[in-house]
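**Q**
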Amino acid sequence: MEESSDAELQEPEASRASPPNGEFAKISRFPRKSPLRSSLLKRSGRNRSPATKFVSFSTQTHEKKICNVTDCIQMMQNGTELIKLRANIRQFRRVFTLDSDLSHIRWTPTNKKPHKAKIAVDSIKEVRVGRTTELLRAMENYATEMQEECAFSIIHGDQYECLDLIAKTPEDAKIWITGLVSLTSSSRAGKSQHLWLESVFDEADPDKLGCILENQAVQLIKQLNSRILLSRVKHKVKEACILNPEESQRGKVTRSQFVDIYRDVATRPEIYFLMVQYANKDYLSCKDLQVFLETEQGVVHFELHLKSQFPK
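Going by the numbering used here, the letters in the sequence shown line up with residues 6 to 317, in that order.
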């Protein structure tokens, strides 16, 4: 039996994710009350203690900000309490963490053997945002006040098993969704950016030393993107220079560090999450962009405008 902070419940076999175009089985009726119902209610009406620390994508100065994907990864490694759904809408509070080597996500406590209470990152097929699975849709029948933005699902394994999760806040959900998509993304757009940054570095390193000076790296990043805060770039570059283990590389930035620093300081998490939400990847196709602009921004005749800009 698996112990829960609210009740002792037994976990059945892993649920399966329904095929994208498949029909879902009929959902049986479930009891209106749940021992964990209170954790699913909106928390906007509660007063936070001044000493409470929490994570948010917003720009409030008193909150701990998540500025980029690296911050999301760090928060995932620190651990987050999520509600794990099982068959019959049984719910388990679990602390989910990402391994330091980014290879697996794990949850505790569990009655399973440790090697079974985990999912390999490279086995993740898809990260779905919102109530997109059978179990999460069934939640609407008796937990109507659960925020849509708190729900997400991880589709994994050769059998497309489904792990349905509910975060306490939309911010926690965004952190995990953004981090997981970043870890599992193998898009051509991401690879192209990586190759482009490496070529920029190589041009600045004509002698093929494999590193450039600290000030040179700062200037180069600012040339690539003038909107990035100079103070943030300097901080990240100096941090990388200090971490170099070899004496010959002290005060210098290596090729891989340059790529990581640029992607770190140039990533806007709110934009990244929009791409994840609308395309389930770290870039938007023209069709994805059209859907976003028409549904969220109210843009009309976008397709005609696109054809005028990119004629065949």
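Every residue, glycine too, gets a C-beta built ideally from N, C-alpha and C.
Among Q164, L188, F297, which has the Cα closest to the Cα of S105?
**A** Position 100 of the sequence shown, counted from the first residue, corresponds to residue 105. Among Q164, L188, F297, the Cα nearest to that of S105 is on L188.
**Q** Hey, how far is the Cα of Q262 from the Cα of Q224?
**A** Mapped onto the sequence shown, residue 262 falls at position 257. Mapped onto the sequence shown, residue 224 falls at position 219. So the two alpha carbons sit approximately 15 Å from each other.
**Q** Assign W201 to buried or exposed, taking buried as 16 or more other Cβ atoms, counted over all protein chains shown, within 10 Å of its Cβ.
**A** Taking the sequence shown and counting its residues from 1, one reaches residue 201 at position 196. The residue in question, W201, is exposed, as its Cβ has fewer than 16 Cβ neighbours within 10 Å.
**Q** Is it buried or exposed, Q342, if we count other Cβ atoms within 10 angstroms and call 16 or more buried?
**A** Only positions 6 to 317 of the chain appear in the structure, and residue 342 is not among them; the question remains open.
**Q** Mapping the DSSP letters down to three states, classify A271 as helix, strand or coil.
**A** Residue numbering aside, residue 271 sits at position 266 when the sequence shown is read from its first letter. Correct three-state label for A271: helix.
**Q** For a minimum of 3 consecutive residues, which ranges assigned as the beta strand (DSSP E) are wholly contained in the stretch 168-221?
**A** Here the runs fully enclosed are 216-218.
**Q** Let's see if you can read the secondary structure: which residues bound the beta strand (DSSP E) around H109?
**A** To locate residue 109, count along the sequence shown from 1; it is residue 104. Residues 109-113.
**Q** Excluding the 5 residues preceding and the 5 following I78 in the sequence, name in chain order all residues of the same chain whose CB lies nearer than 8 Å to its CB.
**A** The residue you call residue 78 lines up with position 73 of the sequence shown. If we look at I78 and ignore the five residues flanking it on each side, its Cβ neighbours are L103, L107, G184, S187, L188.
**Q** Nearest to L168 by alpha carbon, out of E176, T174, I129?
**A** The residue given as residue 168 occupies position 163 in the sequence shown. It is I129.
**Q** Going by alpha carbons, who is nearest to Y277 out of Q96, I180, C155?
**A** Numbered from its first residue, the sequence shown carries residue 277 at position 272. The option with the nearest alpha carbon to Y277 is I180.
**Q** Could you please give me the residues that DSSP links to Q262 through a beta bridge?
**A** Reading the sequence shown from its first residue, position 257 is the one you call residue 262. Q262 pairs with nothing; no bridge assigned.
**Q** Measure the alpha-carbon distance for G135 versus D177 and round it to whole angstroms.
**A** Stepping through the sequence shown from its first residue, residue 135 is reached at position 130. Stepping through the sequence shown from its first residue, residue 177 is reached at position 172. Each residue's alpha carbon lies about 13 Å from the other.
**Q** According to DSSP, V100 sits in a beta bridge with which residue or residues?
**A** Counting from 1 along the sequence shown, the entry for residue 100 is found at position 95. V100 pairs with E86, T113.
**Q** I need the straight-line Cα distance from I88 to Q152, nearest angstrom please.
**A** In the sequence shown, residue 88 corresponds to position 83, counting from 1. In the sequence shown, residue 152 corresponds to position 147, counting from 1. Approximately 13 Å between the Cα atoms of the pair.
**Q** Exposed or buried, H161, counting other C-beta atoms within 10 Å across all chains shown (16 or more means buried)?
**A** Counting from 1 along the sequence shown, the entry for residue 161 is found at position 156. Buried, by the Cβ-count rule.
**Q** From the DSSP output, in three-state form, read off V134 for me.
**A** Taking the first residue of the sequence shown as 1, we reach residue 134 at position 129. V134 falls in the strand class under three-state DSSP.
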